[in-house]
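So the sequence shown is numbered by UniProt numbering: it starts at 1 and just counts up by one.
Virtual Cβ for every residue (Gly too), placed ideally from N, Cα, C.
Report on the following structure.
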Amino acid sequence: MAQNPNRPISPHLQIYRWGPHMAVSIFHRATGFVLATAGMLTLLWWIASIAGGPESYASFQSWVVSAGADATGLQTAANWFFRLLGLAVTYSFFQHFFSGIRHLLMDLGAGYELTTVRTWSIAVFIAALTATALVAMLVASRFMGI
Numbered sequence: 001m002a003q004n005p006n007r008p009i010s011p012h013l014q015i016y017r018w019g020p021h022m023a024v025s026i027f028h029r030a031t032g033f034v035l036a037t038a039g040m041l042t043l044l045w046w047i048a049s050i051a052g053g054p055e056s057y058a059s060f061q062s063w064v065v066s067a068g069a070d071a072t073g074l075q076t077a078a079n080w081f082f083r084l085l086g087l088a089v090t091y092s093f094f095q096h097f098f099s100g101i102r103h104l105l106m107d108l109g110a111g112y113e114l115t116t117v118r119t120w121s122i123a124v125f126i127a128a129l130t131a132t133a134l135v136a137m138l139v140a141s142r143f144m145g146i
């Protein structure tokens, strides 16, 4: 069966002009994945360590929360990894949250004008970064003595 060369092609990623709204949509899916995997696995590890008793919880804290002075190099590296993971999960939460609010407003019929879509999309990124920075500063000042 021969293809008609004059037939219009379906729009695809090379034809569309990229905008912030596309990035918000992709980030919404990616942050949902991060929250579902990294966040949930860490949460389950934390709950299991609580159920395991004081020694299990102390081990969890030494790996995740604070390595302490007697920690091995691997524990210290894991501790910094989990701090970065916590920051990534925090950003993912706020990105997903603000993007969800944007989607809810659009489901209500608001914000379909091109300038509004662009403004709200950029606002989602700014709000997520700002909220993550505020939480990071709060955690650093309260719990890490910085």
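- In this structure, the straight-line span from the alpha carbon of THR130 to that of THR116 is close to 20 Å.
- For THR132, same chain residues with a beta-carbon under 6 Å away, outside a window of 5 residues either side, are THR90, TYR91 and PHE94 in chain order.
- LEU35 and GLY53 have their C-alpha atoms some 26 Å from each other.
- With contacts defined as CB atoms closer than 8 Å, LEU74 and ALA38 fail to qualify as a contacting pair.
- Looking at the backbone, the Cα of ALA123 and that of SER99 are separated by about 9 Å.
- Less than 8 Å separates the beta-carbon of ILE50 from that of TYR57.
- Less than 8 Å separates the beta-carbon of VAL24 from that of ARG102.
- For GLN95, the secondary structure class from DSSP, reduced to helix, strand or coil, is helix.
- DSSP, reduced to helix, strand and coil, places ASP70 outside both helices and strands of the structure shown, so it counts as coil.
- The Cβ-Cβ distance between ALA71 and SER59 does not fall below 8 Å.
- The C-alpha of TRP18 is placed about 26 Å away from the C-alpha of ASN6.
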